[in-house]
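**Q**
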Amino acid sequence: MLPELGHFALILALCMALVLGVVPLAGAARNVDSWVAVARPAAWGQFLFMGIAFLLLMTAFVTNDFSVAYVAQHSNTLLPTIYRVSAVWGGHEGSLLLWVFLLGGWTVAVGTFSRHLPTLMVARVLGVMGLVSVGFLAFLLFTSSPFERLWPIPADGRDLNPLLQDIGLVLHPPMLYMGYVGFSVAFAFAIAALLGGRLDATWARWSRPWTTTAWVFMTLGISLGSWWAYYELGWGGWWFWDPVENASFLPWLVGTALIHSLAVSEKRSAFKNWTVLLAILTFALSLLGAFLVRSGVVTSVHAFANDPKRGVFILMLLAVMVGASLLIYAWRAPQVKSTGHFAVVSRETLLLGNNVLLVVAMGSVMLGTLYPLLLDALGMGKISVGPPYFNTVFIPLMVPLLFMIGIGTLARWKQDSIGRLEQTVRYTLAVSVVIGALLPWLLFRSWEPMAMLGAVLGVWILASALLDLRLRLRNSAGLWQGLRRQSRSFYGMVAAHLGVAVTAIGITFSSYYSQEHDVRLAPGESHVMGEYRFLFEGISEHEGPNYTATRANLRVSKEGQRDVVLHSEKRLYKVQGMPMTEAGIDWGLTRDLYVALGEPLGDGAWAVRLYHKPYVRWIWLGSLLMALGGLLAAADRRYRLKRNVATEAAS
Amino acid sequence: MRIFCLALLLLVATSAVASIGVYEFETPEQEVRFKRLSEELRCLVCQNQSLADSNAELALDLRRQVHTMILAGKSNADIVEFMTERYGDFVLYRPPLRAATVLLWVGPFVLLLLGVVVLGRLVRQRASGTGNDDAQLDVAEQKRLEQILRRRGE
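Chains as they are written, first to last, in our numbering: chain A, 47 to 697; chain B, 9 to 162.
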């Protein structure tokens, strides 16, 4: 009974979405107030029914209702309750329901927190989001309903994919989807502004906190995924350039370009057409990501779904939404006034440079991701495009980008000169180059040029941020007063840029100075790697709730430090019969020790993989800083102070 | 009990012998080559994993193969050729430059060039001041401004 109610709730949500997608937009076009007023109630109604459907599916999981096919495929009576909850988004149908539910949530949030915006604008934004919602709800209902029944009812379920039975993957999809779906808000604002013919700085200001918030979620989602891959897949890697990872990275790259170009549109009222195009592109890439992950065209570590019908539906959805928005763009964009000028040397130019590099980086990653699929589809042979390709094209684009962070934040709007910039950064740059170039030698006794380059860039970003702060405080009475006078968005920018520096240093040092030894160890034997001695104490057997584990105990000792015992497990999940490796990690700010148990080699000996990974934590620490920066920027006071002014101007 | 454990541990510690690597090499340089090759070759039966990242039978076999060939003094090019002859380009994570992959390798440069050209033109256009100034309001904006000013004046 309950699953049918869930299905019914989804149908009602679709009806509400249709009302939301049609009536307010028509009302805004024809100036009918009562139609426009439908927007908020319809958004709430839609969200309510989505919420009911979501809760009912969750109930089915928690109560082990295996008459529901989706539950039977992704859960089991032995599965711990927390994973039964997260199993809701452990498969195709449920993650789509989560997607739709979050979209409803964002729609309601926009309706609630945009009371200070002109009514017509809000109606249009909600209307566009309603149309997006229609597309996804139809996809859910017509191709992938999570409430389908199963007959005969199986005695037990097939269990959740063991890879997903982990806290990292409990949180990763909701975060990532919040990002994907959040970019639809930026998209809706852009389309609404185009429809209303008012593409001005105010639009950019309204859209900014939403876009930044979506970007924050996306950043957290991607880094959670990468952290999970690091400790769960058992190979010590944190980014594989897997098509499904790339699917989330593409919108992130363009989303990053978008938040920078929105800054120019708000502050200087420039690049408006370009910003709108970026907003459309970001959303289109989110849909492309959904297509890549959900259609199963990519057979990769993450792709669990496989059904061509679904792929075709998303492709059509993508074509219709992108096609329609580009048409609106072509129709309206020429009417947008071209904007005030800026000199060749100016912050505008540098930000445009940032956009070019990020978009080119996105294009290259997309090329590498789609190329093998296209060749295969055209029957021109099967090739693999992997890390060697992506690193070759991606890193050279990031080097100038990171360098420009330091210059861009110090350059003046509208007009600056090379001479002044050079004078400003001269000493800072020189000091950064010296310190950065020495760092690899000081820490690792190495003169590896690429590691020096990475360190120089990291130090340069940090030093230029300090210089920026010093210049801003030059005219204030006291240090404390000056610090307090800076806006939250300034601190947000600094934190995010420092996050980039921290991540860059983490990536550089962990890729150049990681040590990895594959060794054969029998109980009682030990292996020395650098300053650490790994003693294999032996194997013990363990029983988990739904798996059995062979656990290796390794005692790691270093002179002058307390020993740590690391456990690495090989688990066999009973229901799916799938083996999994649990790595044993001793984490630290400057290094991780990582052990993974391999295969038994006979005579009680095992293959064991040992890693020493310096600064690898910095990769995720940096992304936390980026996210923190985004939150600070989105919480800037000016977005709330403008409330009164905007209300007044609109009335 | 604790003393017993300690004694056992001591015993174990003293009897600890230096471990043997799963793969033995004559020079560290060979080991580096092995690591690099097994990261750049694809495990063909896996979803998307390199030889280094997989425990599949085939991956183990191919790792052993790479190891043997390195010890036999074969160069990287020899090994890659051996692998592609058997398994095709699919085994290489670094796609070779061929007619079908020209676009893949040239694409990023073309994109960058395009980006730089567009950037250059746009910036020059803005700098030469062909765009209208923002300070100029259109008729509707002018009206709204007057309205607001009037209301403030009341």
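Quick reminder that beta carbons are idealized off the backbone N, C-alpha and C, glycines included.
Please name the residues in the region 89-109 of chain B whose beta-carbon is closer than 8 Å to at least one beta-carbon of chain A, in chain order.
**A** Residues passing the 8 Å Cβ filter: Gly96, Asp97, Phe98, Val99, Leu100, Tyr101, Arg102, Pro103, Ala108 and Thr109.
**Q** Using 8 Å as the limit for Cβ to Cβ distance, is tyrosine 640(A) near chain B?
**A** No, tyrosine 640(A) does not count as interfacial toward chain B.
**Q** Let me see if you follow: with CB-CB separation under 8 Å, is alanine 389(A) close to chain B or not?
**A** At least one chain B Cβ lies under 8 Å of alanine 389(A).
**Q** Classify phenylalanine 100(A) as buried or exposed, calling it buried when 16 or more other Cβ atoms lie within 10 Å of its own Cβ.
**A** So phenylalanine 100(A) ends up on the buried side.
**Q** What would DSSP say about valine 621(A), mapped onto helix, strand or coil?
**A** Three-state result, valine 621(A): coil.
**Q** Asparagine 292(A): which of Lys313(A), Ala316(A), Arg314(A) and Met264(A) sits nearest, CA to CA?
**A** The shortest Cα separation from asparagine 292(A) among Lys313(A), Ala316(A), Arg314(A) and Met264(A) belongs to Met264(A).
**Q** Taking leucine 413(A) and proline 116(B) to be in contact with their CB atoms under 8 Å, please state how far apart those CB atoms are, rounded to whole angstroms.
**A** Contact holds; Cβ gap of about 7 Å.
**Q** Measure the alpha-carbon distance for leucine 166(A) versus tryptophan 81(A) and round it to whole angstroms.
**A** Answer to the nearest angstrom: the Cα atoms are 10 Å apart.
**Q** Report yes if the C-beta distance between alanine 85(A) and methionine 62(A) is below 8 Å; otherwise report no.
**A** Taking 8 Å as the Cβ cut-off, alanine 85(A) and methionine 62(A) do not qualify as a contacting pair.
**Q** What do you get for proline 625(A), buried or exposed, if any count of 16 or more other CB atoms within 10 angstroms of its CB means buried?
**A** Its Cβ having fewer than 16 others within 10 Å, proline 625(A) is exposed.
**Q** Applying the criterion that 16 or more other CB atoms from any shown protein chain within 10 Å of the CB defines a buried residue, is phenylalanine 12(B) buried or exposed?
**A** Note that phenylalanine 12(B) has pLDDT 42, beneath the 50 cutoff, so the model's placement of it is unreliable and no number is given.
**Q** So, with DSSP's three-state summary, where would you put threonine 35(B)?
**A** DSSP places threonine 35(B) in coil when its eight states are reduced to three.
**Q** Taking a contact to mean a Cβ-Cβ separation below 8 Å, would you say glycine 528(A) touches glycine 675(A) in this structure?
**A** Not in contact: glycine 528(A) and glycine 675(A) (Cβ atoms no closer than 8 Å).
**Q** Any idea which residues DSSP pairs methionine 626(A) with across the strands?
**A** Answer by DSSP bridge pairing, in chain order: Arg617(A).
**Q** Identify every residue that forms a DSSP beta bridge with tyrosine 640(A).
**A** The partner list for tyrosine 640(A) (beta bridge, DSSP) reads Ile631(A) and Tyr657(A).
**Q** Could you check what DSSP says for proline 208(A) in three-state terms: helix, strand or coil?
**A** It is helical.
**Q** For arginine 393(A), which of Pro418(A), Ser430(A) and Gln461(A) has the nearest alpha-carbon?
**A** Of Pro418(A), Ser430(A) and Gln461(A), the residue nearest in Cα terms is Gln461(A).
**Q** Can you give the Cα-Cα distance for leucine 536(A) and arginine 683(A), rounded to whole angstroms?
**A** Here residue 536(A) turns out to be phenylalanine, not leucine, going by the sequence shown. Those two C-alpha atoms are separated by around 11 Å.
**Q** Of all the residues that make up the region 559-570 of chain A, which are near chain B by a beta-carbon distance shorter than 9 Å?
**A** From the region 559-570 of chain A, only Glu562, His563, Asp564, Val565, Arg566, Leu567, Ala568, Pro569 and Gly570 have a Cβ closer than 9 Å to chain B.
**Q** Anything in the region 98-117 of chain A with a Cβ closer than 8 Å to a Cβ of chain B? List those residues in chain order, please.
**A** Per Cβ criterion, the list is empty.
**Q** Is the CB of asparagine 63(B) under 8 Å away from at least one CB in chain A?
**A** Interface residue, yes.
**Q** Go to asparagine 599(A), then tell me how far its alpha helix (DSSP H) extends in each direction, as first and last residue.
**A** From DSSP, asparagine 599(A) is part of no alpha helix (DSSP H) but of the beta strand (DSSP E) over 593-603.
**Q** What does alanine 135(B) touch in chain A if you count any residue whose Cβ is under 8 Å from its own?
**A** Per Cβ cutoff of 8 Å: His387, Phe388, Ala389 and Val390.
**Q** From which residue to which residue does the beta strand (DSSP E) around tyrosine 578(A) run?
**A** 578-589 is the extent of the beta strand (DSSP E) around tyrosine 578(A).
**Q** In whole angstroms, what separates the C-alpha of valine 30(B) from that of asparagine 84(B)?
**A** Roughly 21 Å separates the two Cα atoms.
**Q** Could you name the residues of chain B that tryptophan 281(A) contacts, counting a contact when the two beta carbons are closer than 7 Å?
**A** By Cβ distance, chain B contributes Asp61.
**Q** Below 7 Å between beta carbons is the criterion; list the residues of the region 418-431 of chain A that meet it against any residue of chain B, in chain order.
**A** Under the 7 Å Cβ criterion, the region 418-431 of chain A contributes Leu421, Met426, Gly427, Lys428, Ile429, Ser430 and Val431.
**Q** Under 7 Å Cβ-Cβ, which residues of chain B neighbour glutamate 645(A)?
**A** Residues of chain B passing the Cβ test: Asn63.
**Q** Check distances from the C-beta atoms of the region 67-91 of chain B to those of chain A and list, in chain order, the residues that come in under 9 Å.
**A** The region 67-91 of chain B vs chain A, Cβ under 9 Å: Leu68.
**Q** Does proline 116(B) come within less than 8 Å of chain A when only Cβ atoms are used?
**A** Proline 116(B) counts as touching chain A.
**Q** Leaving out five residues before and five after leucine 51(A) in sequence, what residues of the same chain have Cβ atoms less than 8 Å from its Cβ?
**A** Counting only Cβ-Cβ distances below 8 Å, and skipping sequence neighbours, we find Ile98 and Leu102.
**Q** Using DSSP bridges, identify the partner residues of histidine 563(A).
**A** Answer is Leu656(A).
**Q** DSSP three-state label for glycine 648(A), please.
**A** Glycine 648(A): strand per DSSP, three-state reduction.
**Q** Just verifying my parser: in three-state terms, what is the DSSP assignment at serine 557(A)?
**A** Helix at serine 557(A).
**Q** Find the nearest neighbour of leucine 397(A) within the set Ala370(A), Asn207(A), Trp320(A) and Leu143(A), judged by alpha-carbon distance.
**A** Nearest C-alpha to leucine 397(A): Trp320(A).
**Q** Could you tell me the boundaries of the beta strand (DSSP E) in which methionine 575(A) lies?
**A** 572-575 is the span of the beta strand (DSSP E), which, as asked, contains methionine 575(A).
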